[in-house]
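**Q** Residues 0 to 211 in numbering that gives the first Met the number 0 are what the sequence shown lists, from first letter to last. Just so you know, even glycine gets a beta-carbon here, dropped at the ideal spot from N, CA and C. Note that the structure is a prediction, hence the values are computed from the model and not measured. Quick one: the structure is below, questions incoming.
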Amino acid sequence: METETARRNMVEQQLRGSSVLDTRVLNAFLEVNRENFVPPDYARQAFADTAIPLPCGQHMMSPRNQGLLLQSLDLQPGERVLEVGTGSGFLTACMRHLHVRVDSLEIHPELAATAEEALSAKIDPDVSVRAINAWSFRTHIRYDAVVITASMPNYDPHFEQWLKTSGRLFVVIGHPPVMEACLIRQYGSDKTSCNRLFELELDPIARPSASA
0 METETARRNM VEQQLRGSSV LDTRVLNAFL EVNRENFVPP DYARQAFADT
50 AIPLPCGQHM MSPRNQGLLL QSLDLQPGER VLEVGTGSGF LTACMRHLHV
100 RVDSLEIHPE LAATAEEALS AKIDPDVSVR AINAWSFRTH IRYDAVVITA
150 SMPNYDPHFE QWLKTSGRLF VVIGHPPVME ACLIRQYGSD KTSCNRLFEL
200 ELDPIARPSA SA
C-alpha cells in the first residue's frame with residue numbers, strides 16, 4: 000500500500016505537475032514497477048524527483064524528465080524505436096508499455112545485463128538489449144523514433160541515418176549546467192526541423208574511439 004501511494008503521488012505531483020497529461024504515459028508510470036529498475040541501495044528513492052545513480056557512473060533520469068520525454072515523442076502502437084543508452088531499463092519498459100517495439104543499445108555490459116533481466120527481454124520478442132557502443136551500431140532498419148538518453152555538447156546528425164522519413168529523434172544538447180532537450184523531425188530525404196522542448200541535464204554520450 001505504501002509503495003502504491005508513493006507511485007500515485009509520483010504521477011500526480013511530478014508528472015501531472017509538470018504538464019505531462021498524456022494518459023497513456025501516465026498509465027505507463029502507474030503500471031510499470033519503477034522500483035524493480037532501481038539499484039537496491041536507492042530503493043527508498045525509487046519514486047523521488049531526482050536522478051538516481053546507476054553503476055558505471057551513469058544515472059537514471061527523474062520520473063518527471065522521463066515523462067516529459069515520452070510525451071514529446073508521442074509514440075504510437077506498432078512503431079519501432081531505437082534507444083541509445085538503456086541505463087536501468089525503466090524507460091525501455093515504459094516505451095514497451097506503449098505497445099512499441101524497442102531495440103536498446105547500452106555501452107556498459109553490466110547495465111545491459113541488469114536491464115535485460117529486469118525487462119525479461121529474453122522472453123519478449125518486441126524488446127532487445129545489446130551491449131554495444133552506439134557509434135559502432137550497424138543496421139538496415141529505419142525507426143519511427145530514436146531516443147538518445149545521453150547528452151551531446153553539440154548536435155551530431157549521425158543518428159539521423161536510422162530514422163524513417165517523418166521520424167523523430169530525441170536528443171539533449173549543451174554543456175552543464177545549460178542543456179536542452181530537443182526533438183529533431185525528419186520530413187524529407189535531407190530536411191529536418193528542431194523543436195526545443197525543456198531543460199534537461201544528462202550524462203554525456205560515450206564517443207567513438209579512434210579505432211572505431
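Any chance you could list the beta strand (DSSP E) runs of at least 3 consecutive residues sitting entirely within the segment 2 to 31, in chain order?
**A** Fully enclosed beta strand (DSSP E) runs of 3 or longer: not present.
**Q** Pick from 30, 46, 29: whose alpha carbon is nearest that of residue 37?
**A** To locate residue 37, count along the sequence shown from 1; it is residue 38. Among 30, 46, 29, the Cα nearest to that of residue 37 is on 46.
**Q** Do the CB positions of residue 52 and residue 9 come within less than 8 Å of each other?
**A** Residue numbering aside, residue 52 sits at position 53 when the sequence shown is read from its first letter. Residue numbering aside, residue 9 sits at position 10 when the sequence shown is read from its first letter. Contact flag unset, no.
**Q** Looking at the strands, I want to know which residues DSSP matches up with residue 59.
**A** Reading the sequence shown from its first residue, position 60 is the one you call residue 59. DSSP output for residue 59 lists 51 as bridge partner(s).
**Q** Starting from residue 130 and walking both ways along the beta strand (DSSP E), at which residues does that stretch end?
**A** Within the sequence shown, the letter at position 131 stands for residue 130. Residue 130 -> beta strand (DSSP E) spans 126 to 130.
**Q** Can the beta-carbon of residue 67 be found less than 8 Å from the beta-carbon of residue 197?
**A** Residue mapping note: residue 67 aligns to position 68 of the sequence shown, counting from 1. Residue mapping note: residue 197 aligns to position 198 of the sequence shown, counting from 1. It is a contact, given that the beta carbons lie within the stated cut-off.
**Q** Measuring CB to CB, does residue 86 end up less than 8 Å from residue 148?
**A** Here residue 86 refers to the residue found at position 87 of the sequence shown. Here residue 148 refers to the residue found at position 149 of the sequence shown. For residue 86 and residue 148, yes; Cβs fall inside 8 Å.
**Q** If you draw a straight line from the C-alpha of residue 186 to the C-alpha of residue 1, how long is it?
**A** Stepping through the sequence shown from its first residue, residue 186 is reached at position 187. Stepping through the sequence shown from its first residue, residue 1 is reached at position 2. Each residue's alpha carbon lies about 47 Å from the other.
**Q** Between which two residues does the beta strand (DSSP E) holding residue 97 run?
**A** For this step, residue 97 is matched to residue 98 along the sequence shown. Element bounds for residue 97: n/a, residue is neither H nor E.
**Q** Whole angstroms are fine: how far does the CA of residue 72 sit from the CA of residue 59?
**A** Along the sequence shown, read from residue 1 onward, the residue named residue 59 stands at position 60. Along the sequence shown, read from residue 1 onward, the residue named residue 72 stands at position 73. When rounded, the distance between both Cα atoms is 19 Å.
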